[in-house]
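Chemist: Counting along the sequence shown from 1, when you hit position 278 you're at 278 in the working numbering, and nothing is skipped either side.
Ideal Cβ placement from N, Cα and C applies to all residues, glycine included.
Values in this document were obtained by computation on a predicted structure and should not be read as measured data.
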Amino acid sequence: MPHVSDSVFPTCSDEVAGALADGRPVVALESTILAHGLPAPQNRTAADELEAAVRAQGGVPATIAVLDGVPKVGLSAAELDRVCDGELAKLSARDLGVAVGLGLDGATTVAATATLAAAAGIALFATGGLGGVHRGARDTWDVSADLAALAGTASLVVCSGVKSILDVAATLEVLETESVPVLGHGTDTFPGFYRRDSGHPVPWRVDTPEQAAAVWRAHRALGSRAGMVLAQPVPAADELDAQLHDRLLAEGLALLEERGITGKDVTPALLEHFHSGSGGASLRTNLALVKANVELAARVAVALTERSLAG
Ligand code: PSU
Ligand code: MN
């Protein structure tokens, strides 16, 4: 189990600690999507809805953030308020030590959340879209640390593919190089976040949470240290219109250039452009896909705890 040192071992809420001790299904949820991916006040409602979605499937939610320098796994309502209200820093895996060492607050990305979740013993993790290789990465070198984290962290991330703002083909190549299995759930094509189909095939397909759980068990039993991606498309009724999507993407990328936005501000700026430019349509899409991913993650977590799969 990768953990940094005993002094920064994540602090689990009583509920999460109890569930882990009893071997009950737990699903990790990230906080960057709340603090930087969704606007207020919808982010606070989303935080509750996502946790409720885990519970509805029989799981225990564990939203993760760093508060006052403490990596927390499982947040109280007041702590969720802080994540959603405040001006929290965006913490990727490399920033965890800084935040802990300096006693800061921060919202954790996929990379940082997966690191803390695995350290706490939580395999399942749900988010919206994985970070990846950005368009133009040949010049900017902008490749999300989410990929490196997945390469070395035992985390099963349920997502709607990678954000369509990225270079999807290059991201899939990196995942292949890093030996991170990529599974489509009920689909032969890799999802494109706001859109159901990124135009790229998915290497493997499963059709049930039980199959995903069986693959994860075997992946771990074979000794892989890598994570795994379980990708499912946004529900058809919530998909963003193709033309609107393509227009907002072109505009958003131009805006980045114009404003000189780089580094960790790129993804939040593009998501915000989609949300404002679509009059809220992309926000509905984003919320719908995260909720569906959280539900699927909880079902896989439940399947993992079932003894019939133990062999
Ligand atoms: N999924 C969403 N919204 C988000 C993210 C994922 O629906 O805001 C966040 C995750 O925290 C992910 C981050 O790790 O975007 C990627 O940021 P970057 O490209 O800077 O690595
Ligand atoms: Mn980046």
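Taking Cβ to Cβ, would you say A93 is nearer than 8 Å to A111?
Modeler: Locating residue 93 in the sequence shown gives position 93, where the first residue counts as 1. Locating residue 111 in the sequence shown gives position 111, where the first residue counts as 1. Contact flag set, yes.
Chemist: In the DSSP assignment, what are the bridge partners of C159?
Modeler: For the purposes of this step, residue 159 is taken as the residue at position 159 of the sequence shown. BP columns for C159 point to A231.
Chemist: Counting along the chain, where does the beta strand (DSSP E) carrying L29 start and finish?
Modeler: Here residue 29 refers to the residue found at position 29 when the sequence shown is read from its first residue. 26 to 29 is the extent of the beta strand (DSSP E) around L29.
Chemist: Look at the alpha carbon of A99 and the alpha carbon of K90, and state the distance between them as a whole number of angstroms.
Modeler: Taking the first residue of the sequence shown as position 1, residue 99 is located at position 99. Taking the first residue of the sequence shown as position 1, residue 90 is located at position 90. Approximately 10 Å between the Cα atoms of the pair.
Chemist: Span of the beta strand (DSSP E) holding D197?
Modeler: Numbered from its first residue, the sequence shown carries residue 197 at position 197. Its beta strand (DSSP E) spans residues 195 to 201.
Chemist: At the level of alpha carbons, what is the spacing between S144 and T32?
Modeler: Counting from one through the sequence shown, the residue named residue 144 turns up at place 144. Counting from one through the sequence shown, the residue named residue 32 turns up at place 32. Using only the alpha carbons, I get a separation of about 14 Å.
Chemist: L309 to A297, Cα distance in whole Å?
Modeler: Stepping through the sequence shown from its first residue, residue 309 is reached at position 309. Stepping through the sequence shown from its first residue, residue 297 is reached at position 297. Low local confidence applies: a pLDDT of 44 at L309 is under 50, so the model's placement there is unreliable, with the coordinate-based value given in what follows. Computed Cα separation, rounded: 16 Å.
Chemist: When burial is assigned at 16 or more other CB atoms within 10 Å of the CB, is C12 buried or exposed?
Modeler: Taking the sequence shown and counting its residues from 1, one reaches residue 12 at position 12. Buried, because 16 or more other Cβ atoms sit within 10 Å of the Cβ of C12.
Chemist: In the DSSP assignment, what residue or residues form a beta bridge with W141?
Modeler: The sequence position of residue 141 within the sequence shown is 141, counting from 1. Answer is none; W141 lacks a bridge partner.
Chemist: Of the residues R135, T140, G227, P191, which one's Cα is nearest the Cα of A250?
Modeler: For this step, residue 250 is matched to residue 250 along the sequence shown. Selected option, being the one with the closest Cα: R135.
Chemist: Could you tell me the alpha carbon to alpha carbon distance between E15 and T109, rounded to whole angstroms?
Modeler: Translated into the one-based positions of the sequence shown, residue 15 becomes position 15. Translated into the one-based positions of the sequence shown, residue 109 becomes position 109. Using only the alpha carbons, I get a separation of about 23 Å.
Chemist: Is it the case that the CB of G263 approaches a heavy atom of the ligand MN more closely than 7 Å?
Modeler: Counting from 1 along the sequence shown, the entry for residue 263 is found at position 263. G263 Cβ: within cutoff of the ligand MN.
Chemist: Any heavy atom of the ligand PSU inside 7 Å of the beta-carbon of S282?
Modeler: On the sequence shown, position 282 is the one that residue 282 refers to. Answer for S282: no, Cβ out of range of the ligand PSU.
Chemist: Per the contact definition of three or more C-beta pairs closer than 8 Å, is the region 60 to 74 in contact with the region 182 to 198?
Modeler: As far as the Cβ criterion goes, the region 182 to 198 does not touch the region 60 to 74, which means the pair count is below three.
Chemist: For A312, I'd like the list of residues in its chain whose CB is within less than 7 Å of its CB, leaving aside the five on either flank, ordered along the chain.
Modeler: The structure shown has nothing for residue 312, since the chain only spans 1 to 311.
Chemist: Alpha carbons only, please: which of L283, G223, L67 is nearest the one belonging to P41?
Modeler: Sequence index remark: in the sequence shown, residue 41 carries index 41 (1-based). Taking only the C-alpha atoms, the option nearest P41 is L283.
Chemist: Could you check whether the Cβ of N43 sits closer than 7 Å to any heavy atom belonging to the ligand PSU?
Modeler: Residue numbering aside, residue 43 sits at position 43 when the sequence shown is read from its first letter. It does not: the Cβ of N43 is nowhere closer than 7 Å to a heavy atom of the ligand PSU.
Chemist: Do E178 and A231 have their beta-carbon atoms positioned less than 8 Å apart in this structure?
Modeler: The residue labelled residue 231 in the question sits at position 231 within the sequence shown. The residue labelled residue 178 in the question sits at position 178 within the sequence shown. Not closer than 8 Å, so no.
Chemist: Tell me whether the region 231 to 240 and the region 180 to 192 touch, counting them as touching only if at least three CB pairs, one residue from each stretch, are closer than 8 Å.
Modeler: Yes, the region 231 to 240 touches the region 180 to 192.
Chemist: Counting Cβ pairs closer than 8 Å, one from the region 196 to 210 and one from the region 243 to 259, do we hit at least three?
Modeler: With the cut-off at 8 Å, the region 196 to 210 and the region 243 to 259 do not touch.
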